[in-house]
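One structure is given here, and the rest of the page talks about it.
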Amino acid sequence: MGRAADRPISAQTLASAIGAQYHGSAEATISGVASLEAATSRELSFLADARYRARAEASLAGFLLVRDEFVSMGSSIKLVHPAPHLAFAKALEILFPVAPVVPGVSARAVVDSTATVDGAEIRGNASIGRQSVIGVGTVIHSNASVGDNVTIGRDCVIRPGVSIYDGCVIGDRCIIHSGTVIGADGFGFQPTASGWVKVAQVGRVIIGNDVEIGSNTCIDCGAIEDTVIGNGVKIDNLVQIAHNCRVGDHTAIAGCAGLAGSTIVGARCMIGGGAMLTGHMTVCDDAVISGGTLVSSSVTDPGRITGVFPSLPHRDWMKMAATLRRSIKK
Numbered sequence: 196m197g198r199a200a201d202r203p204i205s206a207q208t209l210a211s212a213i214g215a216q217y218h219g220s221a222e223a224t225i226s227g228v229a230s231l232e233a234a235t236s237r238e239l240s241f242l243a244d245a246r247y248r249a250r251a252e253a254s255l256a257g258f259l260l261v262r263d264e265f266v267s268m269g270s271s272i273k274l275v276h277p278a279p280h281l282a283f284a285k286a287l288e289i290l291f292p293v294a295p296v297v298p299g300v301s302a303r304a305v306v307d308s309t310a311t312v313d314g315a316e317i318r319g320n321a322s323i324g325r326q327s328v329i330g331v332g333t334v335i336h337s338n339a340s341v342g343d344n345v346t347i348g349r350d351c352v353i354r355p356g357v358s359i360y361d362g363c364v365i366g367d368r369c370i371i372h373s374g375t376v377i378g379a380d381g382f383g384f385q386p387t388a389s390g391w392v393k394v395a396q397v398g399r400v401i402i403g404n405d406v407e408i409g410s411n412t413c414i415d416c417g418a419i420e421d422t423v424i425g426n427g428v429k430i431d432n433l434v435q436i437a438h439n440c441r442v443g444d445h446t447a448i449a450g451c452a453g454l455a456g457s458t459i460v461g462a463r464c465m466i467g468g469g470a471m472l473t474g475h476m477t478v479c480d481d482a483v484i485s486g487g488t489l490v491s492s493s494v495t496d497p498g499r500i501t502g503v504f505p506s507l508p509h510r511d512w513m514k515m516a517a518t519l520r521r522s523i524k525k
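In my numbering, the protein residues as written are 196 to 525.
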């Protein structure tokens, strides 16, 4: 089953808005979107990969976003674009517009008198701490908690149940999904004869512009220096980023990945789901780390890193790793 648009739109108008060439009737109207398998005669779908051509040919979709090579395929009306998936994303923004921000503070919100929230929307049961600044056009959803001395930029969306600890800085146009915690103490303890002694974590979390963070992700504050997330970074659900990590601009990190303390990841990297970086290492720009990979030393060359082995007693593992390295060098 597809999703009905907020209101129908002329197919020709939509094509023009997303920069696609239109091949069809001027009167045709799009009423919603759906997958190739589920689409009906008034719905839009897309074909971005030739491997799914057979599905597209069998589809009942009345409108298809395709590359030029598929314009004559089937009887559906075509919207032709060199990057159909990207064009489809733009179409979704038009068909399902985001509700406008309604500036103001709910009577059920708790906003400290020293906080600045002019032009922001603060919903019920949200809390904003002392000296915090919330940018114009930002929405703080219900039950989100923003600590003291926090700065959040313009046009951000902080979803319900997000916790942002004292002193954190978040740039413009960021989206943080429910259950995520920004700025909790890093895992810093020193062993003694009588047990563990907590080491105060006095750094902050600094997040750049255009960052999106999924649900139930944790980004810990720095021990002394800040934990830093660059511009345009995309982080999935259930990701752990430990104290003092630095993530370069436009890197993407998939679900259940973990970055141990003081890991530095370059720009434009892709870290697959469940990958683990063991800390105190550097990953160069443009590296790709496959899902489930355990990275225990710095990555110095762009390209793909993959490695998954069953666990072994530590001594046996080290011997096997040494043997593998010697065999590769041969």
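For each residue, glycine too, the CB sits at the ideal point set by N, CA and C.
The alpha helix (DSSP H) with residue i in it runs from where to where?
i	result
Arg-521	509–524
With a CB to CB cut of under 8 Å and the five nearest residues on each side skipped, what residues in its chain are close to residue i?
i	result
Ile-500	Ala-482, Val-483, Ile-484, Ser-485, Thr-488, Val-490 and Val-494
Gly-348	Gly-330, Thr-333, Ile-365, Gly-366, Asp-367, Arg-368, Cys-369 and Asn-404
Met-471	Ala-452, Gly-453, Ala-455, Thr-488, Leu-489 and Val-490
Gly-269	Ala-251, Glu-252, Ser-254 and Leu-259
Pro-355	His-336, Ser-337, Asn-338, Ala-339 and Ser-373
For residue i, which three-state DSSP category applies?
i	result
Glu-316	strand
Leu-287	helix
Asp-160	For residue 160 there is no data in the structure shown, the boundaries of the chain being 196 and 525.
Ala-482	strand
Pro-526	Within the shown structure, residues of the chain are numbered from 196 to 525, placing residue 526 beyond reach of any answer.
Phe-384	strand
Met-465	strand
Asp-201	strand
Gly-443	coil
Met-476	coil
Thr-311	strand
Arg-325	coil
Phe-504	coil
Leu-255	coil
Ser-340	strand
Ser-358	strand
Thr-346	strand
Val-331	coil
Met-471	strand
Leu-433	coil
Gly-427	coil
Gly-498	strand
Gly-453	strand
Going by the CB atoms, is the gap between residue j and residue i shorter than 8 Å?
i	j	result
Ala-447	Gly-468	no
Asn-432	Gly-450	yes
Asp-421	Gly-398	yes
Thr-311	Ile-335	no
Asp-361	Val-345	yes
Gly-474	Ala-418	no
Ala-199	Ser-226	yes
Val-442	Gly-427	no
Ile-272	Leu-209	no
Arg-248	Leu-242	yes
Glu-264	Val-296	no
Gly-257	Arg-237	yes
Gly-461	Val-478	yes
What are the start and end residues of the beta strand (DSSP E) that includes residue i?
i	result
Ala-379	376–379
Pro-298	From DSSP, Pro-298 is part of no beta strand (DSSP E); its letter is neither H nor E.
Does any residue of chain B have a CB that is nearer than 8 Å to the CB of residue i?
i	result
Thr-422	The structure shown contains no chain B; it is built from a single protein chain.
By Cβ distance below 6 Å, which residues in the same chain neighbour residue i in space, the five residues on each side in sequence not counted?
i	result
Arg-318	Ser-301, His-336 and Ser-337
Ser-340	Ser-322 and Ser-358
Asn-320	Arg-303, Ser-337 and Asn-338
Val-423	Ile-401 and Arg-441
Val-305	Ser-322
Whose C-beta lies closer than 7 Å to the C-beta of residue i among residues of the same chain, with five residues either side of it excluded?
i	result
Asp-343	Gly-324, Arg-325, Gln-326, Ser-327 and Asp-361
Val-266	His-218, Lys-273 and Val-275
Ordered list of alpha helix (DSSP H) runs contained in the stretch 207–253, each at least 4 residues: 248–253
Inside the stretch 381–421 only - beta strand (DSSP E) runs reaching at least 3 residues: 384–387, 390–393, 400–402 and 413–415
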